[in-house]
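Take a look at the structure below.
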Amino acid sequence: MIDTLLSYDYAWKSYSTGQSLDTDKTHVFKIDINNHFQKIKKELADVLSEREQEKASRMFTQKDKERYVVSKFCLRSILSLCLNTSPQEIEFIFHEFRKPTVKGIEFNISHTGDYVLIAISPKAVGIDIEFLNEEFDFKSILDITFSKNEIAFIGEKRVDAKNFYVMWTRKEALLKASGEGVSDNLHLIECLGEQLRWDEEIFKMRTFTIGENYVASIATALDQKELILWNWV
Numbered sequence: 055m056i057d058t059l060l061s062y063d064y065a066w067k068s069y070s071t072g073q074s075l076d077t078d079k080t081h082v083f084k085i086d087i088n089n090h091f092q093k094i095k096k097e098l099a100d101v102l103s104e105r106e107q108e109k110a111s112r113m114f115t116q117k118d119k120e121r122y123v124v125s126k127f128c129l130r131s132i133l134s135l136c137l138n139t140s141p142q143e144i145e146f147i148f149h150e151f152r153k154p155t156v157k158g159i160e161f162n163i164s165h166t167g168d169y170v171l172i173a174i175s176p177k178a179v180g181i182d183i184e185f186l187n188e189e190f191d192f193k194s195i196l197d198i199t200f201s202k203n204e205i206a207f208i209g210e211k212r213v214d215a216k217n218f219y220v221m222w223t224r225k226e227a228l229l230k231a232s233g234e235g236v237s238d239n240l241h242l243i244e245c246l247g248e249q250l251r252w253d254e255e256i257f258k259m260r261t262f263t264i265g266e267n268y269v270a271s272i273a274t275a276l277d278q279k280e281l282i283l284w285n286w287v
C-alpha cells in the first residue's frame, strides 16, 4: 500500500504585476482571502459582472461573501493577463455540465477557509483545497465515498485525517477536470494512482499541503508535467 501521495516541497513564487504568463503551461495561484479583500473591495463594482455582484449580495455570511468576490475578482484579473484584455471584459463560455472556459484557456477554482486556489491551463484542469478538520465524522461516509483500497489507505478503524483529505481532494479535482462535478458513485473512482483514467481521458494527479492545515489536489492533462505555483499578492 502507498505510504503517502503528498508532496511537501512545492515552491511558491510571488507574482509581480505585469509579469507574463506562459499560456501553454499550467499555473496555480494561491490567494489569501483575508489580505486580498481589503485591497480590492473598492474595485469590485468595476470588475465583477452584475450577476456576480448580485450573487455576492445574497451570501449569508460576510466570510462567504469575501471568499466569493475575491475568487471572482482574482480569476478575472488572472485571465485578463492571459488574454491581454481588461478583467471586466472577460466573457465566459459554458460547455457540458456548465463548466466555464474562455478562449482556449481552461480554469478551475477552489476555496475554503483562508485560501482561494485558481488553476489555469491550456488543457482540462481541476483543483480542490480542503481545510484539515480533525473533528469531521470520517467513518460515516467511508463506505459510500471510497473504494476498499482507498479505505485501507485512509484507515478504517483509525482514520488518518490527512489521508482522508488526500483522497477526497483527488476525487474532487478529477471530477472537476472532467467537467462532471458531483458524482453519486465516488466509491467507483479510485484515486490512488499518479495517472487516472476517467471519462475516456487520462489525468495526472498531484496532491500537496498548504501550511499545516490545508490539503489540495490538482488534476491535469498528462502533457502538463510542470506546475508553476504563484502567490498572488
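Sequence positions in the sequence shown follow the numbering used here and run 55 to 287.
Glycine included, every Cβ here is placed at the ideal spot set by N, Cα and C.
All values reported here derive from a predicted model rather than from experimental measurement.
Start and end of the beta strand (DSSP E) containing residue i?
i      : result
Thr115 : Run containing Thr115: none; DSSP gives neither H nor E here.
Thr155 : 154-156
Phe161 : 159-166
Leu283 : 281-286
Thr274 : 268-275
Ile172 : 169-175
Asp197 : Asp197 -> not in any beta strand (DSSP E); alpha helix (DSSP H) instead, spanning 196-199.
Lys95  : From DSSP, Lys95 is part of no beta strand (DSSP E); its letter is neither H nor E.
Lys258 : 255-264
Asp86  : 80-86
Leu250 : 249-252
Asp182 : 179-185
Tyr62  : Unbroken run through Tyr62: none, as it is neither H nor E.
Tyr67  : First, the amino acid is wrong: residue 67 is Lys here, not Tyr. Segment 67-69, the beta strand (DSSP E) holding Lys67.
Short check: CB of residue i to CB of residue j, under 8 Å?
i      : j      : result
Ile94  : Phe127 : yes
Ala173 : Ile272 : yes
Phe161 : Leu135 : no
Leu196 : Glu210 : yes
Val82  : Leu281 : yes
Ser175 : Gln278 : yes
Glu244 : Asn285 : no
Thr121 : Ile87  : Note on residue identity: the sequence assigns Arg, not Thr, to residue 121. A contact, by the Cβ cut-off of 8 Å.
Leu129 : Thr261 : no
Ala270 : Leu171 : yes
Suppose you measure from the CA of residue i to the CA of residue j; what does that come to, to the nearest Å?
i      : j      : result
Met55  : Thr274 : In this prediction, Met55 has a pLDDT of 46, which is less than 50 and means its spatial position is unreliable; what the coordinates show is noted afterwards. Near 24 Å, if we compare the C-alpha coordinates of Thr274 and Met55.
Ala110 : Lys117 : 11 Å
Leu137 : Ser74  : 11 Å
Thr263 : Tyr62  : 6 Å
Gln142 : His241 : 40 Å
Val287 : Val123 : 16 Å
Gly72  : Arg105 : 28 Å
Thr166 : His149 : 25 Å
Phe91  : Ala231 : 27 Å
Ser318 : Gly265 : Outside the displayed span of the chain (55 to 287) sits residue 318, for which this structure offers no information.
Glu234 : Asp76  : 27 Å
Lys177 : Asn239 : 25 Å
Lys222 : Met113 : Note that residue 222 is Trp in the sequence shown, not Lys. The straight-line gap from Cα to Cα measures roughly 26 Å.
Met259 : Arg224 : 7 Å
Phe192 : Gln107 : 36 Å
Ser125 : Asn89  : 13 Å
Glu97  : Arg152 : 28 Å
Phe200 : Glu226 : 12 Å
How close, in whole Å, do the beta carbons of residue i and residue j come, if the pair is a contact with beta carbons under 8 Å?
i      : j      : result
Lys67  : Leu283 : 7 Å
Tyr169 : Lys84  : 6 Å
Along the alpha helix (DSSP H) that carries residue i, what are the first and last residues, could you check?
i      : result
Lys230 : 215-232
Phe207 : 202-208
For chain C, is any of its Cβ atoms less than 8 Å away from the one on residue i?
i     : result
His81 : Of the chains in the structure shown, none is chain C; there is only one protein chain.
### Task
Could you tell me whether the segment 92-107 touches the segment 176-188, where touching means 3 or more Cβ pairs closer than 8 Å?
Touching, no, given that fewer than three Cβ pairs across the two stretches are closer than 8 Å.
### Task
Would you check if there are 3 or more beta carbon pairs closer than 8 Å linking the segment 250-260 to the segment 140-160?
With the cut-off at 8 Å, the segment 250-260 and the segment 140-160 do not touch.
### Query
For the segment 187-194 against the segment 205-225, are there 3 or more C-beta pairs whose distance is under 8 Å?
With three or more CB-CB distances shorter than 8 Å, the segment 187-194 counts as touching the segment 205-225.
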